[in-house]
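These notes concern the structure reproduced below.
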Amino acid sequence: MKILKLVKHTNNKFLNFYELELEKEKVFHYYFVSRRPTNKVGRKDVCDAVKVLPFIEKTKEIVFIKNFRPVVNDFVYEVPAGLVDKNEEPEVACARELKEEIGAKVTNLIKVLNNSFVSVGLSDETVECYFASVELDYSQKLDECEEIEIIKVPLEKAPEFLNSHQFDAISFLLAELFLQKK
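Written as structure tokens, this is what we have:
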């Protein structure tokens, strides 16, 4: 398989539409989206986003968020997550997102998944995943388009909560992994 040409069709702030012209015996076209500038499309060494499962040690509670997602026109349960800013380390992005989305201060952070592709049939977006011990001592600092509710779930009730609410896949699997380790 040989890439002949990459064409960027849109010029938006957070997500763009690309077209690849490929050759494998014949020429064909492949379409995808990317958060990246053209010179970084498809690179494996770029971390686009983080997801972090917060745990309050003192009360033995996992903190989830109930987040309105316009693309499905509904609320989805998740763990805090966000984009890694330019020249920002993923660990710094974790702390920033936890403070913004749930008003938490990180007391311990453990990486549980190295930079990995999220949906390679559609996008080159990558994510790193973490567990964080947190203390809730700040107020949320949400973007104007965010609608996020903080949900604290006691550790012993987490399996039932996971199976009775609509989660995004990565958050669900991250919580399952956390429960296996506890």
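Under this note's numbering, read the sequence shown as residues 5 to 186, first letter to last. Ideal Cβ placement from N, Cα and C applies to all residues, glycine included.
Non-local beta-carbon contacts of residue 158 in its own chain, meaning distances under 6 Å to residues more than five positions away in sequence, involve 65 in chain order. Excluding its 5 nearest sequence neighbours in each direction, residue 127 has C-beta neighbours in its own chain below 7 Å: 36, 37, 38, listed in chain order.
With a cut-off of 8 Å on Cβ pairs, the segment 103 to 121 is in contact with the segment 133 to 141, counting three or more such pairs.
Look at the beta carbons and you see the segment 128 to 135 touching the segment 37 to 54: at least three pairs across the two are nearer than 8 Å. Taking C-beta separations shorter than 8 Å and ignoring five residues to either side along the sequence, the partners of residue 19 in its chain run 37, 38, 39, following chain order. Going by C-alpha positions, residue 134 is about 15 Å away from residue 173. Shown here for residue 23: same chain residues with a beta carbon closer than 7 Å to its own, the five before and five after excluded, namely 11, 13, 33, 35 in chain order. Classified as exposed, residue 124 has fewer than 16 neighbouring CB atoms from the shown chains inside 10 Å of its CB.
The Cβ-Cβ distance between residue 82 and residue 71 falls below 8 Å.
When beta bridges are read from the DSSP output, residue 133 appears opposite 55, 117.
For residue 94, the enclosing alpha helix (DSSP H) covers residues 94 to 106.
Cβ atoms of residue 85 and residue 115 stay farther apart than 8 Å, at about 14 Å.
Non-local beta-carbon contacts of residue 102 in its own chain, meaning distances under 7 Å to residues more than five positions away in sequence, involve 56, 58, 84, 108, 110, 136, 138 in chain order.
Residue environment analysis places residue 7 among the exposed positions, since fewer than 16 neighbouring C-beta atoms fall within 10 angstroms of its C-beta. Sequence-distant Cβ neighbours of residue 144 in its own chain, meaning closer than 8 Å and more than five residues away, are 104, 105, 106, 107, 152, 154. Per DSSP, the continuous beta strand (DSSP E) segment holding residue 6 begins and ends at 6 to 12.
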